[in-house]
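In terms of our numbering, the sequence shown opens at residue 1 and continues consecutively.
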Amino acid sequence: MSVDDFANLAKSAKRIAVYKEIPGDKLTPTNVFLALKDKVKDVILLESSLKEKNLGRYSYFCFDPIAIIKSYGQKIQIEQDGQVSIIEGNPFTILREFQKDLSCKVNHSLAGFAGGMVGFLSYDAIRLIESIPNKNQDIDNIPDILFRFYRNHITFDNQTGKVVITTVVLVNDEPLDAYNNAMSEIDMICKDLFAFSGNKQEIFTNHEFPLSKLNVDISNEKYITMVNKAKEYIVNGDIFQVVLSRKFSVQVNATPFDIYRSLRFTNPSPFMFYIEDDDYAIVGSSPEKLISINNRTESSSSESLEFRTRSNKIIESCPLAGTRARGILDDDLLAEDLLNDPKEVAEHMMLIDLARNDLGKVATPGSVKVTKLKEVEKYARVVHISSTIQGELRDDKDVFDAIQAAFPAGTLSGAPKIRAMELIDELEGSRRGIYGGMICGVDAHGNLDSCIVIRTAVIKNGYASVRAGAGVVYDSNPEAEANETFYKAKATLEGILSAEGEKA
Numbered sequence: 001m002s003v004d005d006f007a008n009l010a011k012s013a014k015r016i017a018v019y020k021e022i023p024g025d026k027l028t029p030t031n032v033f034l035a036l037k038d039k040v041k042d043v044i045l046l047e048s049s050l051k052e053k054n055l056g057r058y059s060y061f062c063f064d065p066i067a068i069i070k071s072y073g074q075k076i077q078i079e080q081d082g083q084v085s086i087i088e089g090n091p092f093t094i095l096r097e098f099q100k101d102l103s104c105k106v107n108h109s110l111a112g113f114a115g116g117m118v119g120f121l122s123y124d125a126i127r128l129i130e131s132i133p134n135k136n137q138d139i140d141n142i143p144d145i146l147f148r149f150y151r152n153h154i155t156f157d158n159q160t161g162k163v164v165i166t167t168v169v170l171v172n173d174e175p176l177d178a179y180n181n182a183m184s185e186i187d188m189i190c191k192d193l194f195a196f197s198g199n200k201q202e203i204f205t206n207h208e209f210p211l212s213k214l215n216v217d218i219s220n221e222k223y224i225t226m227v228n229k230a231k232e233y234i235v236n237g238d239i240f241q242v243v244l245s246r247k248f249s250v251q252v253n254a255t256p257f258d259i260y261r262s263l264r265f266t267n268p269s270p271f272m273f274y275i276e277d278d279d280y281a282i283v284g285s286s287p288e289k290l291i292s293i294n295n296r297t298e299s300s301s302s303e304s305l306e307f308r309t310r311s312n313k314i315i316e317s318c319p320l321a322g323t324r325a326r327g328i329l330d331d332d333l334l335a336e337d338l339l340n341d342p343k344e345v346a347e348h349m350m351l352i353d354l355a356r357n358d359l360g361k362v363a364t365p366g367s368v369k370v371t372k373l374k375e376v377e378k379y380a381r382v383v384h385i386s387s388t389i390q391g392e393l394r395d396d397k398d399v400f401d402a403i404q405a406a407f408p409a410g411t412l413s414g415a416p417k418i419r420a421m422e423l424i425d426e427l428e429g430s431r432r433g434i435y436g437g438m439i440c441g442v443d444a445h446g447n448l449d450s451c452i453v454i455r456t457a458v459i460k461n462g463y464a465s466v467r468a469g470a471g472v473v474y475d476s477n478p479e480a481e482a483n484e485t486f487y488k489a490k491a492t493l494e495g496i497l498s499a500e501g502e503k504a
């Protein structure tokens, strides 16, 4: 950014995102983290393994927040300017106010989440949206909501090789000083990046997870009993489907970032994330989007022509339901088997209806459409049935309305949603924490991208915990559903084992 560009923006802006483009041929998100980890705080790293169709074009490394909002129920902790305050209220109202107050002028397409926010909602944040019982113990003590408004961002364009470093500055009475200070800070970041040798090379390999090392909060026998109880509720007409989960945990010595690096290698996925907080870290490799909002004038690659010509404010959901493990069988045979399984297809269609209903709460009437139906998508270890639902976000609705309308995913709760979540609280016996929640980023233009928190580990107090669930319907086999929870957790657990450097 030139000083003239800054001066022009300073005439009408309170905050400006100052940026500098640098060559990215020697930089990766991993070595950027390693170069800066001891000099920055409150890091979030977002990546994707998908490089086609722009789906995984960008990676984001965010650090040193301007403000942090944490919510434990309606108790909200605000960290800003070195001060911590506690208030009571609706966290979505507070987030909306901060998003408006901390907005900034951005004139570069690779400014990342400058002027926006990045963070998560745990599954238990649903109690801030709907009246769901809250009788279970909070073991992990992770915030219901955490969002950070970042000052510094490094954006990687994986297609062009460009890297852009951005810092958000407050325009004061001396705009030139503000600009020079920002550029000096960016230059110091560049110096640290290019001085880093990055010569440490671990080798991560896939290993079968030894069951002897595993702790499970709900045994197979208890889980089978839980499934049978859920089937009774289905027979009685309470629900059509419910997702029941359990938690697997293992003691670890590896650092959280080494576990993240291992997951990048052993289980690459469309949504990969690394989040540090006070006494825990969240590392994940999720295949599933919750919702996105495209509020730019250009269209996204997944939009239909109808939507491109009618609106530039598109809300989208992409439910995944129906799974087969990749292995000996050819992928085409797996796909055929999956699409011809009545149970899997019926469950998927039910979740499409849920997503349509969720988007309909905030979309222009008549605009919600299924733009992709029952296509099989391939991931590192599994294939899934995927569909895409799109609608036009109403002019009187914003990202916070959209989040509340879609949260949590039907694929992690059930149908009908409210009753299914009541039964989850009754049957599982503990709060889910981050599992089934969402990782979310919002930029200065009101664009939103998010994923569902699955295939994820929480590392805290020397243990890594992985929660996984299975969708229970009328004709579910309880033993098979118990096995499915372990299989879904297995890829993440094996990534942890690989980071530990152990042999099975």
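The C-beta atom is built at its ideal place from N, Cα and C for all residues, glycine as well. Keep in mind it's a predicted model, so treat the numbers as computed, not measured.
Inset, instruction - Tell me Q77's beta-bridge partners as DSSP assigns them. - result: K70, I86
Legend entry - Sufficient close CB pairs (3 or more, under 8 Å) joining the stretch 240-251 to the stretch 414-422: yes
Legend entry - C-beta neighbour in chain C for M226, strict 7 Å: Going by chain labels, chain C is absent from the structure shown, which holds only one protein chain.
Legend entry - Cβ neighbour criterion (16 or more within 10 Å) applied to K11: exposed
Inset, instruction - Rank S71, T255, K26, V383 by C-alpha distance to the C-alpha of G501 and give the top, closest one. - result: T255
Legend entry - Residue range of the unbroken beta strand (DSSP E) whose run includes F120: 117-121
Inset, instruction - Can you grab the Cα-Cα spacing for the pair K289 / L354, in whole Å? - result: 15 Å
Legend entry - Beta-carbon gap between Y280 and V84 smaller than 7 Å: no
Legend entry - Cutoff 7 Å; reference G89; Cβ partners in own chain excluding five residues on either side: Q74, I76
Legend entry - Residue burial classification, V163 (beta-carbon count within 10 angstroms, cutoff 16): buried
Inset, instruction - Spatial neighbours of I389 within its chain, please: CB distance less than 8 Å, with the 5 preceding and 5 following residues excluded, ordered by chain position. - result: E316, S317, C318, P319, I352, A355, R356, L359, V368, K369, V370, T371
Inset, instruction - Confirm, please, whether the CB-CB distance from A489 to T411 is below 7 Å. - result: no
Inset, instruction - Could you tell me the boundaries of the alpha helix (DSSP H) in which P478 lies? - result: 478-500
Inset, instruction - State the start and end residues of the unbroken beta strand (DSSP E) segment that holds V283. - result: 280-286
Legend entry - Straight-line gap, H445 to P23 (C-alpha atoms, nearest Å): 26 Å
Legend entry - Host alpha helix (DSSP H) of F92 (start-end): 91-101
Legend entry - C-alpha distance - N8 paired with V106, whole-angstrom precision: 12 Å
Inset, instruction - Would you check if the stretch 114-128 and the stretch 422-440 touch, i.e. whether three or more CB-CB distances between them fall below 8 Å? - result: yes
Inset, instruction - Measure the Cβ-Cβ separation of K378 and D331 and say whether it is below 7 Å. - result: yes
Inset, instruction - Leaving aside the five residues before and after R394 along the sequence, list all residues of the same chain whose C-beta is less than 8 Å from its C-beta, in chain order. - result: V362, A363, T364
Inset, instruction - Give the range of the beta strand (DSSP E) segment to which K20 is assigned. - result: 15-23
Inset, instruction - Helix, strand or coil for A125, going by three-state DSSP, please let me know. - result: helix
Legend entry - Assigned secondary structure, K39 (DSSP; H/G/I helix, E/B strand, else coil): coil
Inset, instruction - Just tell me which of Q159, L102, Y72, D101 has its CA closest to the CA of F120. - result: Y72
Legend entry - Three CB pairs or more closer than 8 Å across the stretch 158-178 and the stretch 466-474: no
Legend entry - According to DSSP, residues forming a beta bridge with P65: Y150
Inset, instruction - Say whether the stretch 144-158 touches the stretch 60-67, bearing in mind that this needs 3 or more beta-carbon pairs closer than 8 Å, one atom from each stretch. - result: yes
Legend entry - One or two residues paired with I189 in a DSSP bridge: Looking at the DSSP assignment, I189 forms no beta bridge with any residue, so it has no partner.
Legend entry - For A468, the first and last residue of its enclosing beta strand (DSSP E): 463-472
Legend entry - F248, DSSP secondary structure in three states: strand
Legend entry - Chain-order list of residues whose beta-carbon lies under 7 Å from that of D337 (same chain, five-residue window excluded): R324
Inset, instruction - Measure the C-alpha to C-alpha separation of E426 and I234 and round it to an integer number of angstroms. - result: 15 Å
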